[in-house]
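Residue numbers (our numbering), protein chains in the order written: chain A, 243 to 566; chain F, 108 to 345.
Beta carbons are placed, not taken as given, at the ideal position from N, Cα and C, and that holds for glycine.
Note sheet for the following structure.
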């Protein structure tokens with residue numbers, strides 16, 4: 243249990259967290275914004291991983307939960323005196339219920355059809371927001387600006403850490419997680435063992451829709467201007483999918499790695515070449531490379547072996563579930 | 108004789124084609140009953156309809172005094188019926204231990220779960236040796252053992268086994284049939300579907316022979332095994 247590798251890992255996690263908490267005092271605002279973005283995408287990728295990784299259902303509609311969350315917070319804060327903290331919780335509750343409804347309709351579909359169904363749903367939401375009278379349509383919505391980058395950095399970091407902890411305990415450490423995985427592996431077998439497969443699928447989909455709603459709300463308040471194309475565009479869901487695939491689907495830390503690398507890479511390209519679509523070309527090549535050479539994602543790179551070679555965590559064979 | 112399962116005039120259709128054309132049979136407590144027949148005779152459809160995986164288009168299914176016709180399969184499982192599907196349905200990326208754990212989710216009697224876990228490991232020492240391995244890394248025979256073990260963990264008293272000998276080496280097939288007899292001896296009622304009619308008849312109390320969605324013959328297994336008609340059609344004519 244307490245192998246040297248495990249101790250090292252805990253120590254590194256602790257150090258990393260302290261560093262993350264001190265970040266606003268160390269780095270310039272420009273970089274702080276980038277790290278706020280990293281947290282945002284880590285949270286989104288982890289949320290998508292619940293349904294895509296643990297449940298095995300590929301959703302291309304998760305952008306809609308982010309967008310609906312953003313609009314819900316914007317509307318609540320524009321028309322009521324409800325503070326930000328509560329507004330994002332309202333967003334989350336709303337997208338949770340929303341996901342319940344979408345799940346109820348789309349889980350009649352299997353595999354590819356589920357993916358298409360969720361995508362169509364997200365596209366529908368974009369059109370709805372463009373047409374509704376109170377969302378500002380194609381003018382978008384503006385929120386009162388709050389210039390406090392440190393605040394938003396901590397909010398996004400807290401949300402990302404919350405999703406991470408939630409994922410770990412619900413999907414890796416609980417009997418519910420085992421239930422979810424059994425449905426992913428063999429739906430009929432799970433059913434004949436008394437698991438209500440439909441219920442499990444709907445629960446996971448709803449949970450994976452809750453967090454993007456909260457994060458979307460926080461995003462709206464951070465960016466202060468939202469538009470159907472910026473928060474409900476298809477690229478949001480696409481990026482969640484690619485980030486998870488890049489890092490390692492169905493794992494806790496894979497999405498964290500994938501989202502961090504991809505978002506930082508995106509920003510570096512943006513800084514060097516300006517706001518161009520070259521990023522998408524590199525993204526496409528990266529996807530091809532990952533699928534060809536690392537289908538299980540970066541997390542399956544043989545880092546443990548390398549560490550062992552330099553003498554960390556050597557000796558006894560670690561049971562296979564210890565480090566994943 | 109206490110009847111566990113009573114099926115009356117069961118019909119199943121796939122898009123207008125009748126796979127089962129009104130079959131009736133029963134299984135009594137403590138029996139091993141086999142359905143034998145060629146490919147496409149409707150054996151697997153019968154099991155799937157009984158466990159609720161597919162919907163019956165006609166007829167009635169009664170399990171331990173409950174009308175389960177049209178009930179969802181997880182609810183039927185809750186009444187103590189477990190279906191080990193064709194191809195075993197092992198959770199390949201879960202460990203052996205986790206596979207068995209999933210089996211026991213349906214119940215909450217801690218003592219019973221612990222006792223059944225011991226029973227399973229006693230019955231299948233191989234599974235205990237490999238409890239930390241992934242289900243997908245087991246051999247075909249071990250996977251079948253795991254699938255049966257998992258059904259035992261669900262606390263079911265009635266097991267539906269669909270082609271447990273499929274794709275296994277002859278020696279392992281022997282093992283599987285002796286295991287089936289053993290779990291029957293310790294109190295499980297078994298409804299078996301097999302292509303390996305010879306082995307299945309040897310292990311069972313009674314049998315039904317199916318042809319194109321109908322039951323064409325039924326009787327005691329030891330009589331059937333010597334029946335010239337059955338021999339000719341299903342046992343290779345020896």
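{"Check": "For residue 311 (chain A) and residue 454 (chain A), believed in contact at Cβ under 8 angstroms, the rounded distance", "Outcome": "6 angstroms"}
{"Check": "Min CB distance residue 417 (chain A) to chain F below 8 angstroms", "Outcome": "yes"}
{"Check": "N- and C-terminal bounds of the alpha helix (DSSP H) containing residue 313 (chain F)", "Outcome": "That residue, residue 313 (chain F), is in no alpha helix (DSSP H); its beta strand (DSSP E) goes 313-318."}
{"Check": "Residue 185 (chain F): contacting residues in chain A (beta-carbon distance under 7 angstroms)", "Outcome": "436"}
{"Check": "is_contact[residue 213 (chain F), chain A] using C-beta, thresh 8 angstroms", "Outcome": "yes"}
{"Check": "Chain-order list of residues whose beta-carbon lies under 6 angstroms from that of residue 284 (chain F) (same chain, five-residue window excluded)", "Outcome": "306, 310"}
{"Check": "Where residue 128 (chain F) falls: helix, strand or coil (DSSP)", "Outcome": "strand"}
{"Check": "Buried/exposed call for residue 291 (chain F), threshold 16 Cβ in 10 Å", "Outcome": "buried"}
{"Check": "Length-filtered (3 minimum) beta strand (DSSP E) runs lying within the segment 273-344 of chain A", "Outcome": "none"}
{"Check": "Chain-ordered neighbours of residue 201 (chain F) on chain A, where CB pairs are closer than 9 angstroms", "Outcome": "420, 423, 424, 427"}
{"Check": "Interface residues of chain A facing residue 192 (chain F) [CB-CB closer than 9 angstroms]", "Outcome": "428, 430, 431, 434"}
{"Check": "Beta carbon of residue 626 (chain A) nearer than 8 angstroms to that of residue 496 (chain A)", "Outcome": "Residue numbering for chain A in the displayed model covers 243 to 566; residue 626 (chain A) lies beyond these limits and cannot be assessed."}
{"Check": "Pairwise C-alpha distance: residue 158 (chain F) and residue 265 (chain F)", "Outcome": "11 angstroms"}
{"Check": "Member of F:119, F:258, F:203 whose CA lies at the smallest distance from the CA of residue 148 (chain F)", "Outcome": "F:119"}
{"Check": "Residues near residue 357 (chain A) in its chain [Cβ-Cβ closer than 6 angstroms; skip 5 each side]", "Outcome": "300, 302"}
{"Check": "Beta carbon proximity, residue 249 (chain F) to chain A, threshold 8 angstroms", "Outcome": "no"}
{"Check": "Three or more C-beta pairs below 8 angstroms linking the segment 259-271 of chain A and the segment 390-408 of chain A", "Outcome": "yes"}
{"Check": "Residue 297 (chain A) versus residue 124 (chain F): straight-line alpha-carbon distance, rounded", "Outcome": "34 angstroms"}
{"Check": "N- and C-terminal bounds of the alpha helix (DSSP H) containing residue 224 (chain A)", "Outcome": "Given that chain A is displayed from residue 243 to residue 566, the structure contains no residue 224 (chain A) and the question cannot be resolved."}
{"Check": "Every unbroken alpha helix (DSSP H) inside the segment 256-309 of chain F [4 residues or more]", "Outcome": "277-292"}
{"Check": "Close Cβ partners of residue 346 (chain F) (< 8 angstroms) along its chain, the five nearest in sequence each way excluded", "Outcome": "The question about residue 346 (chain F) has no answer, for chain F in this structure spans 108 to 345."}
{"Check": "Test: residue 270 (chain F) CB closer than 8 angstroms to a CB of chain A", "Outcome": "no"}
{"Check": "DSSP three-state assignment for residue 402 (chain A), whether helix, strand or coil", "Outcome": "helix"}
{"Check": "Assigned exposure category for residue 268 (chain A) - 16 Cβ within 10 Å defines buried", "Outcome": "exposed"}
{"Check": "For residue 252 (chain A), three-class secondary structure by DSSP", "Outcome": "helix"}
{"Check": "Residue 255 (chain F) and residue 286 (chain F) closer than 8 angstroms at C-beta", "Outcome": "yes"}
{"Check": "Chain A contacts made by the segment 170-184 of chain F, where a contact means CB separation under 7 angstroms", "Outcome": "180, 181, 184"}
{"Check": "DSSP state of residue 145 (chain F) mapped onto helix, strand, coil", "Outcome": "coil"}
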